[in-house]
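Notes for the one structure printed next.
There are 2 protein chains.
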Amino acid sequence: MRRGPLLSIAARRPVCSPAVHPLAFVGGTGSQGLGLALRFAAAGVPVMIGSRAAERAAAAAETIRAAVPGAVVRGYENAEAVARSERLFLTLPFAGLGRFLAEAREALAGKLVIDVIVPLVVRNGFFALTPVEGAASAGELIQQTIPAARVVSGFKNHSAEKLRDLAAPLEGDVLLCGDDDAARAEVATLVGLLPGLRAVDAGGIANARYLEAITALLLNLNRRHKARATIAILGLPEP
Amino acid sequence: MRRGPLLSIAARRPVCSPAVHPLAFVGGTGSQGLGLALRFAAAGVPVMIGSRAAERAAAAAETIRAAVPGAVVRGYENAEAVARSERLFLTLPFAGLGRFLAEAREALAGKLVIDVIVPLVVRNGFFALTPVEGAASAGELIQQTIPAARVVSGFKNHSAEKLRDLAAPLEGDVLLCGDDDAARAEVATLVGLLPGLRAVDAGGIANARYLEAITALLLNLNRRHKARATIAILGLPEP
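Going down the list, the protein sequences come from chains A and B.
Here the first sequence is numbered in this note's numbering, starting from 152 and rising by one per residue.
Here the second sequence is numbered in this note's numbering, starting from 152 and rising by one per residue.
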C-alpha cells in the first residue's frame, strides 16, 4: 500500500522546488550517511558529503557519482558543508556528537538539522542503548544543546546496509519527531522523495528516545533473523 | 499478507491440543487483560480471570460470556488462578507488580509467565517509561525476581481498546522475547490462535525494554493521530 515504485538508479532531473535545495550529510562518509546520501542523490536531490577530512569527503562524493550517474554531489570538510547548507543530516557516530555540537553550535542556529544518530553499544552480541549524559536520547541532546536549531529526529530505523544497496527497494515508515511543526513537515516532504517510504508524524523531540530504542531492537532482530528489517506503524488514519 | 480472516465473535470449538489448556489472566479485570482474555475466548481457548477480589473476577468472566457465547471462562482470586494454570498472562498494572511477585514467587516457579506489563507514566500528555528499580524493563524484573519462571514478554504493542472491540480485526506483529526458547515458541503458538496477528521471535528477555519503549511511542502516536496503532516488522525472512 505504501510502497512506491522501485528505485531508479540513475538520478532524476532535479525538480525546481524548495524540496531539492542541497542536502548536507555531516559525517556522510559513514555507512548510514552515505546510504542516505545515495538515496537522495538517486532521487535527484543535490547532496554534499561532509567529513572531518576533505579528501575522504571527496572520495565519498566520487562513490556516489559512480553509483548514480548524473548525481549532483560535492565533498567538503564538515564545517564547510554546514556553512553551505540550510538542511543538514547529522550522520556522524554518537561518540563524535558532543565535539561536533560544541564546534558547530553557532553555525547550526536556524538551520534544519535532521538527527539520524543512535547511541549504541554492543555487549556479547546484544545491541543496547547507551545512556546519553544530560538527555534521554541523542535527538533531545542535540535540541537542548542548540536551542536555535530546528531539530528533527528521523531515519533512525532503516538499515544502513539496505540504504546503500540501491537495487533494494525501500519500505516502511520514517518516524519523525521534533518540537518544530514546520520542520517536521519539511522532513516529511524529503521522505516523500524516496520511493517506498512513508513519513509518520511522531510529535515532539521527546519521542526520539523511542525511535532510538527501535533501532536497537531492529539490530537485534537483524542479527537473529539475518535480515535488514524496518518497521511500519499500522492503524493510523489515512492523511 | 499476514492478516487472517476477520474474527468470528462466537467461540470456536476448543481444539484438542496443548495449545488450548486454560490460560489465566492475572489482573484480568483491567483493560488489557480483559481484552486479551476476550480474544482468546473468542478463539476457543478456555480462560480464567484473576483479580484481587473474587467477585470482580466473576463479573469479568460474565462480561466475557456475554460477548462470546459459548466461552469457557471462570473467575478466581489471583492466587487461585495462578494455582490452577500452567500458563499465565500478567496483565496487572505495573504499580501492583512488586507485591504480586513477592506473594506469587513460589507458585510461579516452572510456569509459563507471559508478561504484558509496561511501566508508564503520563506527564503533560506525554507517555513516558518510568524507571524500573533494579532492571531495565518490567519483563527483566519479572525474570530476575523469579528465575524459575519461564518468562516471555509480549503482546505489549496492541491497544487494549482495540483488543476489547471484538468487531475490530487485529493486525500487526506480536514481538516475543524471553530467555527460554521453548517458552517463546509456546507463546508464538498462542499468537497463532488469534487471526490477523504474527508472532516475531525477538530473542532474549533483555529486549523487553524495547518492546516497552514501543508501547510508549504507540500511545503518543495514538493520542496525536486519534488512532489505535500497532506495529509490523518489515523485511524478515519468511519462516
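All C-beta atoms in this analysis are idealised placements derived from N, C-alpha and C, irrespective of residue type, glycine included.
Could you check whether the Cβ of F391(A) sits closer than 8 Å to any Cβ belonging to chain B? Residue 391(A) is absent from the structure shown; chain A starts at 152 and stops at 390.
In terms of residues, what are the limits of the beta strand (DSSP E) holding E310(A)? In the first sequence, the residue the question calls residue 310(A) occupies position 159. Checking the displayed sequence, the identity of residue 310(A) turns out to be Ser instead of Glu. Here S310(A) belongs to no beta strand (DSSP E), and DSSP marks it neither H nor E.
Using 8 Å as the limit for Cβ to Cβ distance, is P388(B) near chain A? As a position in the second sequence, residue 388(B) is number 237, starting the count at 1. Yes, P388(B) counts as interfacial toward chain A.
Pick out whichever of T180(B), R190(B) and F176(B) has its Cα sitting closest to the Cα of G343(B). By one-based count along the second sequence, residue 343(B) stands at place 192. The residue with the shortest Cα to Cα distance from G343(B) is R190(B).
Would you say R375(B) and D352(B) are within 8 Å of each other, going by their C-beta atoms? Stepping through the second sequence from its first residue, residue 375(B) is reached at position 224. Stepping through the second sequence from its first residue, residue 352(B) is reached at position 201. The answer is no: Cβ separation not under 8 Å.
For the ligand MG, any of its heavy atoms closer than 7 Å to the Cβ of F176(B)? Absence of the ligand MG is noted for the structure shown, with no ligands found whatsoever.
A353(A) by DSSP, collapsed to three states: which one? The residue given as residue 353(A) occupies position 202 in the first sequence. Here A353(A) sits in coil by DSSP.
Give me the subset of the segment 309-340 of chain B whose CB atoms are less than 7 Å from a CB atom of chain A, sorted by chain position. E322 and G323
With three or more beta-carbon pairs closer than 8 Å as the criterion, would you say the segment 268-275 of chain A touches the segment 215-224 of chain A? no
Ends of the beta strand (DSSP E) at V273(A)? Taking the first residue of the first sequence as 1, we reach residue 273(A) at position 122. That run of the beta strand (DSSP E) goes L271 to R274.
For the pair the segment 312-329 of chain B and the segment 271-284 of chain B, tell me if three or more CB-CB distances fall below 8 Å. Contact annotation: the segment 312-329 of chain B does not touch the segment 271-284 of chain B, with fewer than three C-beta pairs closer than 8 Å.
Relative to the C-alpha of L327(A), which residue among E363(A), E312(A), V223(A) and R207(A) is closest? Taking the first residue of the first sequence as 1, we reach residue 327(A) at position 176. The residue with the shortest Cα to Cα distance from L327(A) is E363(A).
Using the beta-carbon count (16 or more within 10 Å), is H357(A) buried or exposed? The residue given as residue 357(A) occupies position 206 in the first sequence. Going by the sequence as given, residue 357(A) is Ala instead of His. A357(A) should be labelled buried.
So with Cβ pairs under 8 Å, would you call D352(A) a contact of chain B? Within the first sequence, the letter at position 201 stands for residue 352(A). Chain B contact via Cβ: present.
What residues from the segment 261-280 of chain A come within 9 Å of chain B, judged by C-beta to C-beta, listed N to C? F277, A279 and L280
Would you decide whether Q294(B) is buried or exposed? Buried here means 16 or more other CB atoms lie within 10 Å of its CB. Indexing the second sequence from 1 puts residue 294(B) at position 143. Q294(B) should be labelled buried.
Taking the alpha-carbon of S236(B) as reference, which of R250(B), A258(B) and L248(B) has the nearest alpha-carbon? Along the second sequence, one-based indexing puts residue 236(B) at 85. Minimum Cα-Cα distance from S236(B) among the listed residues R250(B), A258(B) and L248(B) corresponds to A258(B).
is_contact[K307(A), chain B] using C-beta, thresh 8 Å: Position 156 of the first sequence, counted from the start, is the residue given in the question as residue 307(A). By this cut-off, K307(A) is not an interface position.
Coil, strand or helix - E228(B) by DSSP: As a working note, residue 228(B) is residue 77 in the second sequence. When DSSP states are grouped into helix, strand and coil, E228(B) belongs to the strand group.
Rounded to whole angstroms, how far is the Cβ of I465(B) from the Cβ of N308(B), which I believe are closer than 8 Å? Beyond the ends of chain B as shown, which are 152 and 390, falls residue 465(B); an answer cannot be given.
Cβ shell of G184(B) (< 6 Å), same chain only, five flanking positions each side left out: What you label residue 184(B) is simply residue 33 of the second sequence in a count that begins at 1. Here G184(B) has F176, G178 and T242 as same chain residues with Cβ atoms under 6 Å from its own Cβ, once five neighbours each way along the sequence are excluded.
Starting from R379(A) and walking both ways along the alpha helix (DSSP H), at which residues does that stretch end? Locating residue 379(A) in the first sequence gives position 228, where the first residue counts as 1. Per DSSP, R379(A) belongs to no alpha helix (DSSP H) and is neither H nor E.
I'd like to check one pair, G329(A) with V302(A): are the Cβ atoms closer than 8 Å? Taking the first sequence and counting its residues from 1, the one referred to as residue 302(A) is at position 151. Taking the first sequence and counting its residues from 1, the one referred to as residue 329(A) is at position 178. Cβ atoms of V302(A) and G329(A): closer than 8 Å.
Please list the partners that A383(B) has in chain A, where partner means a Cβ-to-Cβ separation under 9 Å. On the second sequence, position 232 is the one that residue 383(B) refers to. Near A383(B) (Cβ distances below 9 Å), the residues of chain A are G323, I382, A383, I384 and L385.
My understanding is that S92(B) touches R203(B), with C-beta atoms under 8 Å, so please give their C-beta distance in whole angstroms. Only positions 152 to 390 of chain B appear in this structure, which leaves residue 92(B) out of reach.
Can you give the Cα-Cα distance for G249(A) and L292(A), rounded to whole angstroms? By one-based count along the first sequence, residue 249(A) stands at place 98. By one-based count along the first sequence, residue 292(A) stands at place 141. Approximately 9 Å, taken between the alpha carbons.
What in chain A is Cβ-close to A357(B), meaning under 9 Å? Stepping through the second sequence from its first residue, residue 357(B) is reached at position 206. Residues of chain A passing the Cβ test: F277, A279 and N371.
Around the C-beta of P169(B), are 16 or more other C-beta atoms found within 10 angstroms, so that it is buried, or is it exposed? Here residue 169(B) is taken as the residue at index 18 of the second sequence, counted from 1. Low confidence applies to P169(B): its pLDDT is 42, below 50, so where it sits in the model is not reliable, and the reading given next is rough at best. Counting Cβ neighbours within 10 Å, P169(B) comes out exposed, since fewer than 16 surround it.
Kindly provide the ranges of any alpha helix (DSSP H) runs that are 4 or more residues long and lie completely inside the segment 166-215 of chain A, ordered along the chain. 182-193
According to DSSP, is L372(B) part of a helix, a strand, or is it coil? Here residue 372(B) is taken as the residue at index 221 of the second sequence, counted from 1. In the structure shown, L372(B) adopts helical secondary structure according to DSSP, grouped into three states.
What first and last residue would you give for the beta strand (DSSP E) that runs through F278(B)? Taking the first residue of the second sequence as position 1, residue 278(B) is located at position 127. The continuous beta strand (DSSP E) containing F278(B) extends over residues F277 to L280.
Starting from D332(A), trace the alpha helix (DSSP H) in both directions and tell me its first and last residue. Along the first sequence, read from residue 1 onward, the residue named residue 332(A) stands at position 181. Run containing D332(A): D332 to G343, per the alpha helix (DSSP H) assignment.
Thinking C-beta only, is L345(A) closer than 8 Å to L321(A)? As a working note, residue 321(A) is residue 170 in the first sequence. As a working note, residue 345(A) is residue 194 in the first sequence. Closer than 8 Å, so yes.
Less than 8 Å separating the beta-carbons of S288(B) and A350(B)? Here residue 288(B) is taken as the residue at index 137 of the second sequence, counted from 1. Here residue 350(B) is taken as the residue at index 199 of the second sequence, counted from 1. Contact flag unset, no.
Take the Cβ of E389(B) as the centre, count every other Cβ of all protein chains shown within 10 Å, and call the residue buried at 16 or more, exposed below. Reading the second sequence from its first residue, position 238 is the one you call residue 389(B). It counts as exposed.
Which of helix, strand or coil DSSP assigns to V325(A): The residue you call residue 325(A) lines up with position 174 of the first sequence. DSSP places V325(A) in the strand class (E or B) of the three-state scheme.
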